[in-house]
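Heads up, the thing below is written out as structure tokens.
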């Protein structure tokens, strides 16, 4: 064709890279544009997108660092002679994490090279529906034309710009993982899973951490977690007993820098109607992410976005309002903001475009996990959504408070370790949703997500013999219903 | 209060038996011989249906004089203490990792066996106590006495002091489980210990020789090495007989790389005491199975883990005509756990051709009782029972091994998908790249149904449980492929 490439992908993150590499497998001429605009604090990073650089990967590694802190405490109960308390060095951790991330950046570049995908470290914007202008940091321009274009530019953290000093003095997750020095006494603000996860591991490595929340936990524009009230409460309850401070129903009004270089935060306590202040070393905003479309020039291409969210509107084939322009990942309207869905969607898209496939991405029953100190994994509908969808008479909720065996000797509090299964009450009792709070929640949920994809029913899970002793076996033993009102505490053996 | 399952609608006991009311000439409706996983589950279930139940539990002391309380093997000398000591070993590894994640301690951390063992035993004690309370609360009569049949419907119970009592019951459930086998060589009973002794050993075992290649042998060797002890495993032929050999070898390799010594194709022929003590010093003489070579070596402790034998030879089964397999001692039962004597049933490790697992015994016991007293028809499902071996690198499995699948379905009908993976948490501490491994075995003609699942990696039990549920739902490769992964966890592989 007259276009230079069969496929141009704008955005080298989870979705973009997966799509590009898959397309290259079909022998297509593929190019990827990736560019990281520096954060207001000046942070930038390499190829790989949010997940690799400022998302899942560094988050899980720092979460692991925090978990190891708990392990050190447990170890003493199990006979290890280690003098407590043990202190943590941010810079040792950060360097190790950052080195690993850089190795992934490198790995991605090598993979693109191996698959003969052309990579441009350039910021892309549309000149016309088939033409994208790429600009390097230095201002050098390259024009790229392609038959098919996939937009996968993801999102970036929002700033609450209405709060004085927010932009100048606050950081976001974009910066947190790249800090060379400890953030010290930190205030991650507002409640989203990002905020809770970061607050969780910061507390775990010994930092004085406070979460300021305007209203309820895990709410917000990301509706994925907005209806998991019970689970959100359990998670935050645990964090409170773990040492994270919560300032509930408080809204920051301004952030000022003090002479000592610390930050003074002023906020309104909506319950008491008072104004309060405190000083912190770091203020981190986790108020949501905005789709990265500003400089794309979508109007020139004719690509429509949702006026409220700014996200690109796509159909079931990931196609935008312009037939040959597609979008995958966090930038798309109505999709979960998760790496594996972006990857799967990107791959399937490439298979539909260049392979003989017609398989569409299934966004139903996508499992996910929040990596708070006590992890929360789930798949399917929340209890609230199930009741809304089917009516409370038609929904049965089985639940249990359990105690992980490993907590016993370690004398750890298992109050919030909890599992619930939401099922249809009649018929074969199909499982609508499964929710698990406890250690290794992601590992527990993954296989059950598979089961739900196969249409698993309550009787089928009950027929499955448990593996003993694990936490996951509690799922196969669920028998107390919420409806019964009985105490749901179960004993292990 | 327990949700009625479709197949198990409770009915009046009278209607079930279809006879005249329960004969009052018997002391009990049901006598359970053996207070372990299967026995206790059955007893508590029967009490729910207002049956008069007695449990006889008695622990014949080990050759070295060890004994324990109510609860059976799992609670006292099996799953529970095993997993806790495995956890202690994992925490040792966590301590090492934690330095790479920024935790600062310079000293080499040593382990104190007594601290660990005391904590573990305290926890077990609480479980023993819990069981006694549970039986009392359920109005189940419990006697710490050795039960043996003396005639039809009649059992003799002998307590520790030698006092004998006779009891009669309409039905009996044999759930006496097993005890470790000894080698039958000079010095074995006098100087060697078994898993029955290990978990309450009042001194650190020191330099240990583990004889055997069962999962018991490998799990014990694994955690002993993890606690810092010098461990050698003496193996007669292959590792983990009956398990997927590909996986078994990987487990062995990993243990070798992590400091466990293996002596292959040798069997001990003599154990002599060199020096008394806690621990003492023992000299072991071993002979090659392939030639005439003799080796000698000194150890502080010799742990025998060569297999377990059912406790069926001295309980008077001949007096009531219950058939046992003369060679193995196991009891053959039909698919309703009934022996050849209609009023005598059996569950748990003593069953012929069934799995020796706690959850299987529990489920079999409960379902049996529901069939007997609640008009249920559901039988224990022994197919696709998942299991996990808690070696240093854990192994979770469900369904067919590769060998058995090929044998049953033919190589051309089997497809094996596999992958090595590197848990994210192991990257920063640079641990064991490419050791973790997962494979699924599919039956091609049957829609590529997944008939075998195997995973080698951390938290293998948590990972495997959900997949077992999915296999119960008949999961196919396509469904597995279309399930989105949770990121970043091991299970997403």
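Chains as they are written, first to last, in full-length UniProt numbering: chain F, 1 to 493; chain X, 1 to 493. A virtual CB, placed ideally from N, CA and C, is assigned to each residue, including glycine.
Does the beta-carbon distance from residue i to residue j come in below 8 Å?
i, j, result
"residue 401(F)", "residue 418(F)", "yes"
"residue 435(X)", "residue 367(X)", "no"
"residue 36(X)", "residue 72(X)", "yes"
"residue 428(X)", "residue 101(X)", "yes"
"residue 134(X)", "residue 52(X)", "no"
"residue 478(F)", "residue 398(F)", "yes"
"residue 23(F)", "residue 7(F)", "yes"
"residue 436(F)", "residue 63(F)", "no"
"residue 471(F)", "residue 438(F)", "yes"
"residue 454(X)", "residue 397(X)", "yes"
"residue 155(F)", "residue 331(F)", "yes"
"residue 181(X)", "residue 353(X)", "no"
"residue 457(X)", "residue 490(X)", "yes"
Please list, in chain order, all residues of the same chain as residue i whose beta carbon is under 8 Å from its beta carbon, the five residues on each side excluded.
i, result
"residue 476(F)", "461, 462, 464, 465, 466"
"residue 413(X)", "443, 444, 445"
"residue 492(X)", "485, 486"
"residue 105(F)", "45, 46, 47, 48, 52, 53"
"residue 502(F)", "The question about residue 502(F) has no answer here: the residues shown for chain F are numbered 1 through 493."
"residue 394(F)", "424, 425, 426"
"residue 128(F)", "300, 301"
Would a check of beta-carbon distances place residue i closer than 8 Å to chain X?
i, result
"residue 149(F)", "no"
"residue 382(F)", "no"
"residue 454(F)", "yes"
"residue 275(F)", "no"
"residue 85(F)", "no"
"residue 463(F)", "yes"
"residue 231(F)", "no"
"residue 90(F)", "yes"
"residue 22(F)", "no"
"residue 491(F)", "yes"
"residue 80(F)", "yes"
"residue 33(F)", "no"
So, for residue i: in the same chain, excluding its five sequence neighbours on each side, which residues have a beta-carbon less than 7 Å away from its beta-carbon?
i, result
"residue 72(F)", "82, 86"
"residue 220(X)", "195, 198, 210, 303, 305"
"residue 476(X)", "447, 448, 449, 450"
"residue 369(X)", "42, 45, 46"
"residue 81(X)", "120, 124, 199"
Can you confirm whether residue i, when its beta carbon is compared against all beta carbons of chain F, has any partner nearer than 8 Å?
i, result
"residue 113(X)", "yes"
"residue 175(X)", "no"
"residue 419(X)", "no"
"residue 121(X)", "no"
"residue 487(X)", "yes"
Short of 6 Å in beta carbon distance, which residues of its chain neighbour residue i, apart from the five on each side in sequence? Order them along the chain.
i, result
"residue 214(X)", "305"
"residue 61(X)", "67"
"residue 339(F)", "14, 51, 56"
"residue 186(X)", "270"
"residue 18(F)", "343, 346, 347"
"residue 360(F)", "316"
"residue 85(X)", "223"
"residue 321(X)", "341"
How about residue i: is its Cβ closer than 7 Å to a heavy atom in the ligand PLP?
i, result
"residue 351(X)", "This structure lacks the ligand PLP, and indeed carries no ligand of any kind."
Interface residues of the region 426 to 442 of chain X facing chain F [CB-CB below 9 Å]: 427, 428, 429
Positions along the region 82 to 115 of chain X whose CB lies within less than 7 Å of some CB in chain F: 83, 84, 87, 88, 91, 92, 94, 95, 97, 98, 100, 101, 102, 103, 104, 105, 109, 110, 111, 112, 113, 115
Any 3 or more C-beta pairs closer than 8 Å across the region 107 to 115 of chain X and the region 222 to 229 of chain X: yes
Interfacial residues, the region 442 to 474 of chain X to chain F, with Cβ spacing under 7 Å: 459, 461, 462, 463, 464, 465, 466, 467, 468, 469, 470, 472, 473, 474
Against chain F: residues of the region 201 to 219 of chain X by CB proximity under 8 Å: none
The region 335 to 344 of chain X contacting the region 237 to 257 of chain X, beta-carbon criterion three pairs below 8 Å: no
Residues within the region 332 to 363 of chain X neighbouring chain F, beta-carbon criterion of under 8 Å: 357, 358, 359, 360, 363
At least three beta-carbon pairs within less than 8 Å, the region 448 to 460 of chain F to the region 461 to 475 of chain X: yes
Where the region 399 to 425 of chain F meets chain X: residues whose CB sits under 7 Å from a CB there: 405, 406, 408, 409
contact_flag[the region 262 to 276 of chain X, the region 307 to 318 of chain X] where n(CB pairs < 8 Å) is 3 or more: no
Members of the region 88 to 117 of chain F near chain X, C-beta cut-off 7 Å: 88, 89, 90, 92, 93, 96, 97, 100
Touching by the beta-carbon criterion (3+ pairs, under 8 Å), the region 27 to 37 of chain F and the region 125 to 144 of chain F: yes
Contact residues within the region 130 to 164 of chain X, judged by C-beta distance below 9 Å to chain F: 130, 131, 134
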